[in-house]
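786 is the number of the first residue of the sequence shown in my numbering; add one for each residue after it. Since the structure comes first, as structure tokens, the remarks are kept for the end.
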Amino acid sequence: MFGNESRVVQLEVQLKGEGIRLDQYLASVLSDYSRSVIRKVIDAGGVQVNDGPAKASQKVRHGDRIRLLPPEPTHDSPQPENIPLDILFEDDCLAVINKPPDMVVHPAKGNWRGTLANALQFHFGHLSQLNGAYRPGIVHRLDRDTSGVILVAKDEATHRDLGNQFEYRKVFKEYVAITQGVLDRDSDYIERRIGHHPHDRVKMIATDDEEVGKEACSFYEVIERFRGFTFCRIQPRTGRTHQIRVHLASIGCPVLADEIYSGRDRLRLSDICPETPPDRDEILMARQALHAARLRFIHPKTRQVMSVEAPLPADFLRTLSVLREKRRPI
């Protein structure tokens, strides 16, 4: 019906989308396009809901089937690039990658090359196109500066199964972080809603306002304490944008070197050891100290429980080594 069926994106509304306006829902799912662009596509007849005509203002319901012909891309689909990948696990239907820091997951405005999607196109012969050509195989996301475990689907059936596991919170996610500040409890949980900042498009906020934020819960456990810092593990039970970063900042212990929520974008040796001579100073952490350490999920084909871990990256190991030497609790 749309004329170019090869470009049609097919979606099924998940539970968290229930009651959201169609244009808002599509803009949240297809982050490459603004809400105004999505509205133009809907008005031009480029969207169907349950095989019928659609309006931008209509509310979507759990299980709705959406077919959308997105605008012609201003850039080509991700081109294969020979970027090395640390593959933690691979079989015929999925792969698990240890994403390095400073790598964008998929192309978007300002980042058309050097992304994980570009690397995936080079290393794998076929990837799921369920989320469109810009996100080949991408099941979920990590922030650019967050390292660690990320799942990749090679076919659409695998993608749907894994997507449902994430949606219904059947995937166990464990992160590790170094915080700026000392967590006073050995273990606890943070349960505060997360919503968009009223003035900053990039930032999220913790709030108790049901009209502003969506429910979010994160469990944490202290691994080691240092003077002024904490090394901890976090298990988010929901999957909100910036959830761990926002929750830790809300209790006064933001993720170290998280420019948005801690106010500083790096940690230097001299920040830990003020007596460090200038010619021996170095940057220990040049990005937010957050690492996706482990994922546990059910394999879509074998139905076996899979648990995959990503080792700590070099900047974490170096920072922890210095903290253990110079900032042991008194």
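Ideal Cβ placement from N, Cα and C applies to all residues, glycine included.
Cut-off 8 Å between Cβ atoms - residues of its own chain near residue i, not counting five sequence neighbours on either side
i: PHE1014; result: ILE963, THR964, GLN965, GLY966, VAL967, LEU1041, LEU1108 and ARG1112
i: GLN843; result: ARG806, LEU807 and VAL834
i: PRO838; result: GLY830
i: ASN828; result: The amino acid at residue 828 is misidentified as Asn; the sequence shows Asp. If we look at ASP828 and ignore the five residues flanking it on each side, its Cβ neighbours are ALA841.
i: GLU1044; result: ASP1050 and GLN1073
i: ARG889; result: One detail in the question is off: residue 889 reads as Val in this sequence, not Arg. Closer than 8 Å at the Cβ level, and outside the excluded window around VAL889, lie ASN896, GLY899, THR900, LEU901 and ARG929.
Close beta carbons around residue i, own chain, < 6 Å, minus the five adjacent residues each side
i: TYR1046; result: ARG1030, ALA1034 and PRO1039
i: HIS908; result: LEU870
i: ARG852; result: VAL793, GLN795 and GLN833
Residue i, buried or exposed, once every other Cβ within 10 Å from all chains shown has been counted against 16
i: GLU1067; result: exposed
i: GLN906; result: buried
i: ILE872; result: exposed
i: TYR953; result: exposed
i: ASP946; result: buried
i: ASP930; result: buried
i: ASN903; result: buried
i: VAL1090; result: exposed
i: THR992; result: buried
i: GLY1037; result: exposed
i: THR943; result: buried
i: GLN864; result: exposed
i: GLY910; result: exposed
i: PRO1114; result: exposed
i: HIS1027; result: buried
i: HIS1032; result: buried
i: GLY804; result: exposed
i: GLY998; result: buried
Selected residue, minimal CA-CA separation from residue i, among the options
i: ARG761; options: HIS981, ARG1010 and SER1003; result: With the chain covering only 786 through 1115, there is no way to say anything about residue 761.
i: LEU800; options: SER821, ASP849 and ILE823; result: ASP849
i: ASP973; options: VAL1007, ASN949, GLU995 and ALA991; result: VAL1007
i: LEU927; options: THR992, GLN1073 and GLN950; result: GLN1073
i: LEU915; options: ARG1012, VAL826 and LYS939; result: LYS939
i: ARG1012; options: GLY998, CYS1058 and VAL997; result: CYS1058
i: GLU941; options: ARG920, VAL924, GLY980 and SER913; result: SER913
i: HIS1076; options: ARG970, ILE1019 and HIS944; result: ILE1019
i: PRO1085; options: PRO856, GLN950 and ALA918; result: GLN950
i: GLY917; options: ASP1064, GLY802, ASP1043 and TYR818; result: TYR818
i: ARG1088; options: LYS955, ARG1079, THR1026 and VAL889; result: LYS955
i: ASP877; options: ILE823, GLY922 and ASP1056; result: GLY922
Residues of its chain near residue i, where Cβ-Cβ distance is below 7 Å and the 5 sequence neighbours each way are ignored
i: ASN814; result: In the sequence on display, residue 814 carries Val and not Asn. Cβ neighbours of VAL814 beyond the five flanking positions: LEU796.
i: LEU1069; result: LEU1052, ARG1053, LEU1054, ASP1100, ARG1103, THR1104 and VAL1107
i: HIS982; result: LYS988, MET989 and ILE990
CB contact below 7 Å: residue i versus chain D
i: ARG1072; result: No chain D appears in the structure shown, which is made up of a single protein chain.
(Q) So, does the region 875 to 885 touch the region 930 to 947, judging by three or more C-beta pairs under 8 Å? (A) yes
Q: Please confirm if the region 949 to 964 is in contact with the region 980 to 988, defined as three or more CB-CB distances below 8 Å between the two stretches.
A: no
Q) What are the start and end residues of each continuous beta strand (DSSP E) run of 3 or more residues lying completely inside the region 907 to 990, in chain order? A) 932 to 938, 957 to 965, 972 to 976 and 978 to 981
**Q.** Length at least 4, wholly inside the region 860 to 894: the alpha helix (DSSP H) runs in chain order
**A.** none
Q | Inside the region 1008 to 1042 only - beta strand (DSSP E) runs reaching at least 3 residues | A | DSSP runs (the beta strand (DSSP E)) wholly in the region 1008 to 1042: 1014 to 1021.
**Q.** Unbroken stretches of the alpha helix (DSSP H), 4 residues or longer, contained in the region 791 to 863
**A.** 807 to 814 and 820 to 828
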